[in-house]
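*Asks:* Dumping the structure here so I can ask a few things about it.
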Amino acid sequence: MNLVLLDGRINSAFEECHDPRRKRIRFSLETPAGDSIAVEARGNGAQMLLANFDVGDNIHVRGRLRPAGYVFADCIRKTSRGRATAPIQQRLFAATSASSSLRLVKNVRPAFPFPPKNLSSPPTPRSRATSSALSTPH
8 MNLVLLDGRI
18 NSAFEECHDP
28 RRKRIRFSLE
38 TPAGDSIAVE
48 ARGNGAQMLL
58 ANFDVGDNIH
68 VRGRLRPAGY
78 VFADCIRKTS
88 RGRATAPIQQ
98 RLFAATSASS
108 SLRLVKNVRP
118 AFPFPPKNLS
128 SPPTPRSRAT
138 SSALSTPH
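In my numbering, the protein residues as written are 8 to 145.
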C-alpha cells in the first residue's frame, strides 16, 4: 500500500456517492503543478468535509493510493495561504509496516478525530496449550 502526502486546492464540487453503509464523497484536487487528482473520503470525514470545506480551499491530504487511481484520504486539513504558494511537496512512500508509516507522517495532525492507537508496544502473545497437553497418547 502506498502512502501519499499532497498539497493542493479543491477544484471540483463534492460528489456524493451512494453507499448504504456510510457517507462517501469524492472530489478533485488540483496541485500547484497543474495535475488533477481524485480524492475520496468516507464516514465522519466526509461529513466534516461537506460542513467545513468548499471549492477553492487550499488543503493538505494524507492518504493511500488505491489501484483504481484515486487517493483514499485518511487526513485532510486546511493549509494557510503561505503554504499553498510554497513549492509543491508531493511525496510517495511505500509503507512497509504500520510503525514505519507512523514515522513518515508523525508531524501531520489529523483534521478528523479518531481514537489513538498504541503501536509502539509489541502485541502480547496469546496463551497456548502446553506441549504435554498436545502430546498425550490416544
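Positions of the beta carbon are idealized from the N, C-alpha and C atoms, including for glycine.
Is DSSP giving Asn65 helix, strand or coil here?
*Replies:* Three-state DSSP puts Asn65 in a strand.
*Asks:* Restricting to Cα atoms, I'd like to know which of Gly70, Lys85 and Val78 is closest to Ser35.
*Replies:* When only C-alpha atoms are compared, the closest one is Val78.
*Asks:* Who are the Cβ neighbours of Gly76 in its own chain at under 6 angstroms, not counting the five residues just before and after it?
*Replies:* Excluding residues within five positions, none has a Cβ falling inside 6 angstroms.
*Asks:* Are there 16 or more other CB atoms within 10 angstroms of the CB of Ala58, so buried, or fewer, so exposed?
*Replies:* With fewer than 16 other Cβ atoms within 10 Å, it is exposed.
*Asks:* What did DSSP end up calling Gly231 once you bin it into helix, strand or coil?
*Replies:* Residue 231 is absent from the structure shown; the chain starts at 8 and stops at 145.
*Asks:* Which residue spans inside the stretch 11-64 form an unbroken beta strand (DSSP E) run of at least 3?
*Replies:* Segments of the beta strand (DSSP E) lying fully in the stretch 11-64: 22-24, 31-37 and 43-49.
*Asks:* Grab me the residues of Ala20's own chain with a C-beta within less than 8 angstroms of its C-beta, minus the 5 sequence neighbours each way, in chain order.
*Replies:* Around Ala20: Phe34 and Val62.
*Asks:* Which residues in the same chain as Thr28 place their Cβ atom closer than 8 angstroms to its Cβ, once the five residues preceding and following it in sequence are excluded?
*Replies:* In the sequence under discussion, the amino acid at residue 28 is Arg, which differs from the Thr named in the question. Taken in chain order, the list of residues that qualify is empty.
*Asks:* Thinking just about the alpha-carbon of each residue, which of Thr38, Arg31, Cys24 and Arg69 is nearest to the one in Ala48?
*Replies:* Among Thr38, Arg31, Cys24 and Arg69, the Cα nearest to that of Ala48 is on Arg31.
*Asks:* Could you tell me whether the Cβ atoms of Gly52 and Ile83 are closer together than 8 angstroms?
*Replies:* Yes, they are a contact pair.
*Asks:* Relative to the C-alpha of Glu23, which candidate in Leu13, Thr38, Gly50 and Glu37 has its C-alpha closest?
*Replies:* Per the Cα distances, Gly50.
*Asks:* What separation, rounded to the nearest whole angstrom, lies between the Cα atoms of Val11 and Val68?
*Replies:* If you take the alpha carbons of Val11 and Val68, they lie about 8 angstroms apart.
*Asks:* Using the rule of at least 16 other Cβ atoms within 10 Å of the residue's Cβ for burial, across every protein chain shown, is Asp14 buried or exposed?
*Replies:* Its Cβ being crowded by 16 or more others within 10 Å, Asp14 is buried.
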